[in-house]
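Engineer:
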Amino acid sequence: MHATLPLLEASDFPAIRRGALTTLQVNLGYRCNQSCAHCHVNAGPHRKEMMDADTLVLIPRVLAARSITTLDLTGGAPELHPDFRALVAAARDLGVHVIDRCNLTILFEPGQEDLAEFLAEHRVEIVASLPCYSADNVDRQRGKGVFDKSIAALLKLNALGYGRPDSGLVLNLVYNPQGPGLPPDQAKLEAAYKRELSARFGIAFDHLYALANMPINRFGSWLISKGQFNDYMRLLKDNYRAENLKALMCRSLVSVDWQGYLYDCDFNQQLGLPLAGERRRAHLRDLLREDVADRPICVADHCYGCTASQGSSCGGALATRAA
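For the sequence shown, position 62 matches number 142 in the numbering used here, and the numbering has no gaps at all.
1) Check whether the segment 183-193 and the segment 131-141 touch, using three or more Cβ-Cβ pairs below 8 Å as the test.
2) For G414, tell me which candidate among E197, S209 and G225 has the shortest Cα-Cα distance.
3) Please classify L101 as buried or exposed, where buried requires at least 16 neighbouring CB atoms within 10 angstroms.
4) Taking the alpha helix (DSSP H) that Q350 belongs to, which residues open and close that run?
5) In whole angstroms, what is the alpha-carbon distance linking G340 and L151?
6) Does any C-beta atom of chain B lie closer than 8 Å to the C-beta of V142?
7) Between N324 and I283, how many whole angstroms is the CB-CB distance? I'm expecting something under 8 Å.
8) With DSSP as the reference, identify every bridge partner of V334, one or two as the case may be.
9) Going by CA-CA distance only, name the one from L368, S209, Y273 and P295 that's closest to Y312.
10) For the pair the segment 286-306 and the segment 317-337, tell me if three or more CB-CB distances fall below 8 Å.
11) Excluding the 5 residues preceding and the 5 following G385 in the sequence, name in chain order all residues of the same chain whose CB lies nearer than 8 Å to its CB.
12) Here's the rule I'm using: 16 or more other beta-carbon atoms within 10 Å means buried, otherwise exposed. How should N310 be labelled?
13) Extract the residue ranges of the alpha helix (DSSP H) inside the segment 160-236, only unbroken runs of 4 or more that lie entirely within it.
14) Can you check which of these residues, A232, L262 and R146, is closest to V372 by C-alpha distance?
15) Are the Cβ atoms of L210 and V254 separated by less than 8 Å?
16) Taking 8 Å as the threshold (C-beta atoms), are L398 and A327 in contact?
17) Can you find a heavy atom of the ligand MN that lies under 7 Å from the Cβ of A83?
18) Is it the case that the Cβ atoms of L235 and G243 are separated by a distance below 8 Å?
19) Do G156 and Y213 have their C-beta atoms within less than 8 Å of each other?
20) One question on the structure: do L143 and V176 come within less than 8 Å of each other, judged by their Cβ atoms?
21) Enumerate, from N- to C-terminal direction, the unbroken alpha helix (DSSP H) stretches of 4 or more residues contained entirely within the segment 263-314.
22) Do you know how far the Cα of V178 is from the Cα of G99?
23) Express the C-alpha separation of F93 and Y441 in angstroms, rounding to a whole number.
24) Could you spell out the range, first to last residue, of the alpha helix (DSSP H) harbouring V142?
25) Over what stretch of residues does the beta strand (DSSP E) that includes L253 continue unbroken?
26) Give the single residue among H363, H126, E189 and L108 whose Cα lies nearest to the Cα of V226.
27) Pick helix, strand or coil for A388, following the three-state DSSP scheme.
28) Any idea which residues DSSP pairs P376 with across the strands?
29) Between A166 and T84, what straight-line distance do the alpha-carbon atoms span, to the nearest angstrom?
30) Could you check what DSSP says for L244 in three-state terms: helix, strand or coil?
31) Using the C-alpha atoms, what's the distance from H382 back to F281?
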């Protein structure tokens, strides 16, 4: 695996500061039932990292202490954590909105047969990876048979009300480019997804998020091995749009790794870049007594991936969110 941080640290990305903290994004561990080519956390079936019980019990306490309104759960496959359901239930009891970043095929893993029903019962928003509406493209990026399982999972979620009008059960899909290019216009791609998935399978969903691939970890290493890293960075910088800065997810989000340490975003977490201005690594327990509003955000060249063209974040295109 090629290291990308040395290629990103010397950066002219503009200085930015955090606003009010509204979202706690927690990585519960790197174990996953898939190994995707674009995965920036290098997740897979053989990863062992998992948040321990002492750290996990801090999460509801922090949600209450900081009046955080959204808990965003990611991994790996966050559902593989043995306390995933207990955490979701505790957050919902606090009135916190919960997002599950789901790869869809997890619904068919042993022990997860009732996962979809659990998510629906607790009104969990699902953000589901589906990099294309074509079987060949999905299986090439995520593994043979993944597309068919993903379609079966979406049909199951639709049957429970997800993605259906007035159900209140939100189902969003995620698109990532398969190579070193920027994602297409999100609104147009969403229309194409809705048209194709409805016509071919009768599938409905709420929104599509078109995300740029970050030049870090697995994808960054691939770029280096192909001699395309510098070209991709040039593409990101040439398409930089300053107006996207105001909608960056790091302005209202703190990322938590499986050990409980804090970062300005999920990408900084994977690069090991701690919260800006900290003399030591800040931990989840620090949020019980300290606010992080109005602090500087740690930036590097990968931040151009969030600000290029229409922009990219965990909530989709920034240009759409800022409008």
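A virtual CB, placed ideally from N, CA and C, is assigned to each residue, including glycine.
Structural biologist: If we stick to the structure as given:
1) no
2) With the chain running from 81 to 403 in the structure shown, residue 414 is simply not present.
3) buried
4) D346 to L351
5) 14 Å
6) The structure shown has no chain B; it contains just one protein chain.
7) N324 to I283, Cβ: 30 Å. No contact.
8) L104
9) P295
10) no
11) A292, N293, M294, P295, L316, F347 and S392
12) Result: exposed.
13) 164-173, 195-201 and 215-222
14) Looking at the Cα atoms, R146 is the closest of the given residues.
15) yes
16) L398 sits close to A327, with the two beta carbons spaced by under 8 Å.
17) For the ligand MN, the structure offers nothing, since it holds no ligand at all.
18) no
19) no
20) yes
21) 266-281 and 297-305
22) 21 Å
23) The question about residue 441 has no answer here: the residues shown for the chain are numbered 81 through 403.
24) L138 to A145
25) L251 to Y255
26) E189
27) strand
28) Residue pairing of P376 in beta bridges, as defined by DSSP: R97.
29) 36 Å
30) Per the sequence presented here, residue 244 reads as Arg, with Leu not at that position. Coil.
31) 37 Å
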